[in-house]
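Residue 199 in UniProt numbering sits at position 199 of the sequence shown; the count goes up by one each step and never skips.
Using N, Cα and C, we set each Cβ at its ideal position, and we do this for glycine too.
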Amino acid sequence: MSALEAVDGAPGPAREPAAAHRPQSLLLSFFGALVLDAGLPPLPSMTLLDLLADLGVAEAAGRATLKRMTQRGLLSRGQVGRTAEYALTPLAEDVLREATGRVSSPAPFEHPEGEWTLLSYSVPESRRDLRHRVRARLTWAGFGGLRDGLWIAPGTVDVAAVLGRSDLAEVAGLADAFAARVLPGTDVDRLVRRAWEVPAVREAHLRFIETWSRPPAVAGSLAQLTLLGADWLALLRTDPGLPAAQLGADWPAATSSAVYRRVFDGLAPAARAALERSLRAAGRVP
Numbered sequence: 001m002s003a004l005e006a007v008d009g010a011p012g013p014a015r016e017p018a019a020a021h022r023p024q025s026l027l028l029s030f031f032g033a034l035v036l037d038a039g040l041p042p043l044p045s046m047t048l049l050d051l052l053a054d055l056g057v058a059e060a061a062g063r064a065t066l067k068r069m070t071q072r073g074l075l076s077r078g079q080v081g082r083t084a085e086y087a088l089t090p091l092a093e094d095v096l097r098e099a100t101g102r103v104s105s106p107a108p109f110e111h112p113e114g115e116w117t118l119l120s121y122s123v124p125e126s127r128r129d130l131r132h133r134v135r136a137r138l139t140w141a142g143f144g145g146l147r148d149g150l151w152i153a154p155g156t157v158d159v160a161a162v163l164g165r166s167d168l169a170e171v172a173g174l175a176d177a178f179a180a181r182v183l184p185g186t187d188v189d190r191l192v193r194r195a196w197e198v199p200a201v202r203e204a205h206l207r208f209i210e211t212w213s214r215p216p217a218v219a220g221s222l223a224q225l226t227l228l229g230a231d232w233l234a235l236l237r238t239d240p241g242l243p244a245a246q247l248g249a250d251w252p253a254a255t256s257s258a259v260y261r262r263v264f265d266g267l268a269p270a271a272r273a274a275l276e277r278s279l280r281a282a283g284r285v286p
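Below, the structure is given as structure tokens:
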């Protein structure tokens, strides 16, 4: 599994935190929101395990997740006395920074009207592992499949950056990308519905709005902010920014963005303070 899949592979929002997201997705949401580029020291394992416990994840499952994330190159593990501590690796930092632009955008579902990116590539059927990585990567970048090997995304996508990771280098040399505009007479609504499950995208927005208009009852601001981030990443993965003009005046993307920003802004100061208290109690910050 690639690091990007680890970030964006969680299912959509639900009321049961442990059932809605893998523990790895929850931890990456936490690191992205509160640790990335914050200048914090490595985090004691119990800080992370306590967070997961507040989200309904058993300690054994949390420890197994930390071990897997270390093996996958997402976390580095250190030891201070009898205490294990964890920090993001450069790979994980790169992946989270890549996601941050859209996560924090005030309008993550909007693109210049009428602009599209087409991408054609070919991967042998025998390379299923590579096919899976490419599809996961393209989905996060906003692409939907028109047919096998031909993908489309709203807006102008930096395809070189999308396929620029070392684990996709062989695909980059086999891909062709084009900036495109829809010609007059094209049924854009039909085009969009061929590439994306529009009713499912709408339902994902409505679930997010319902869930976070009345935030789930999980323990503390740290856990709530973590769950919010995981839900938001899942929604961004589901909706790449489909053209609202083609989807009706009641398309809910703008409402989702407003709800996310309101809840994030309300939770973030308390969550940062809670993390600082935890690290101070563990002797990691003065």
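Inter-residue Cα distance where the pair is residue i and residue j
i	j	result
A84	R63	11 Å
D37	F208	27 Å
A219	S105	27 Å
P112	D187	18 Å
E197	E210	20 Å
A272	L130	What sits at residue 272 in the sequence shown is Arg, not Ala. Taking the straight line from one Cα to the other gives about 38 Å.
L28	G185	44 Å
A200	A172	30 Å
H132	R280	42 Å
G155	D94	23 Å
P240	V192	11 Å
A109	R82	What sits at residue 109 in the sequence shown is Phe, not Ala. The straight-line gap from Cα to Cα measures roughly 46 Å.
G101	A107	11 Å
A134	S126	For the sequence presented, residue 134 should be read as Val rather than Ala. Those two C-alpha atoms are separated by around 14 Å.
Same chain only: Cβ atoms within 7 Å of residue i, ignoring 5 sequence neighbours per side
i	result
L51	F30, L222, A223, T226
G149	S120, Y121, S122
A195	G144, G145, L146, I152
D141	Reading off the sequence, residue 141 comes out as Ala, not Asp. A153, V157, V162, listed in sequence order.
L275	L34, L222
Buried or exposed (CB count within 10 angstroms, at least 16 for buried), residue i
i	result
D231	buried
S257	buried
A217	exposed
S213	exposed
S25	buried
A169	exposed
A175	buried
S278	buried
P252	buried
V80	exposed
R165	buried
A20	buried
R202	buried
A99	buried
P124	exposed
P269	exposed
L267	buried
Coil, strand or helix - residue i by DSSP
i	result
A153	strand
R15	For R15, the predicted model reports a pLDDT of 41, less than 50, meaning its position is unreliable and no value from the coordinates is stated.
residue 291	Only positions 1 to 286 of the chain appear in the structure, and residue 291 is not among them; the question remains open.
R181	strand
G144	strand
D187	coil
T70	helix
D176	strand
D167	helix
G266	helix
G44	Rather than Gly, the amino acid found at residue 44 in this sequence is Pro. If DSSP states are grouped into helix, strand and coil, P44 belongs with the strands.
T89	coil
L96	helix
R284	coil
R127	coil
A84	strand
R77	strand
S120	strand
W196	coil
V201	helix
H21	coil
E276	helix
Spatial neighbours of residue i in its chain, beta-carbon cut-off 8 Å, leaving aside the 5 residues before and after
i	result
A70	Correcting the residue type first, residue 70 is Thr in the shown sequence and not Ala. Same-chain partners within the cutoff: S76, R77, Y86.
V103	G32, G229, W232, L233, L236
A18	Low local confidence applies: a pLDDT of 43 at A18 is under 50, so the model's placement there is unreliable, with the coordinate-based value given in what follows. Excluding positions up to five away in sequence, the list reads L55, G56, V57.
residue 344	The question about residue 344 has no answer, for the chain in this structure spans 1 to 286.
R68	Q24
Close beta carbons around residue i, own chain, < 6 Å, minus the five adjacent residues each side
i	result
Y260	W232
D189	Q246
Any non-hydrogen atom of the ligand ATP closer than 6 Å to residue i Cβ
i	result
R237	You won't find the ligand ATP in this model; it holds no ligand whatsoever.
At least 3 beta-carbon pairs within less than 8 Å: the segment 89–99 vs the segment 61–81: Contact holds between the segment 89–99 and the segment 61–81, because three or more Cβ pairs, one in each stretch, are under 8 Å apart.
Stretch pair the segment 115–133 + the segment 175–193: three plus CB contacts closer than 8 Å: Enough Cβ pairs lie closer than 8 Å, so yes.
Segment contact flag, the segment 272–284 with the segment 38–49, C-beta cutoff 8 Å, min 3 pairs: The segment 272–284 vs the segment 38–49: in contact.
The segment 245–257 / the segment 158–165 touching (three or more Cβ pairs under 8 Å): In short, these stretches do not touch, since the Cβ pair count stays below three.
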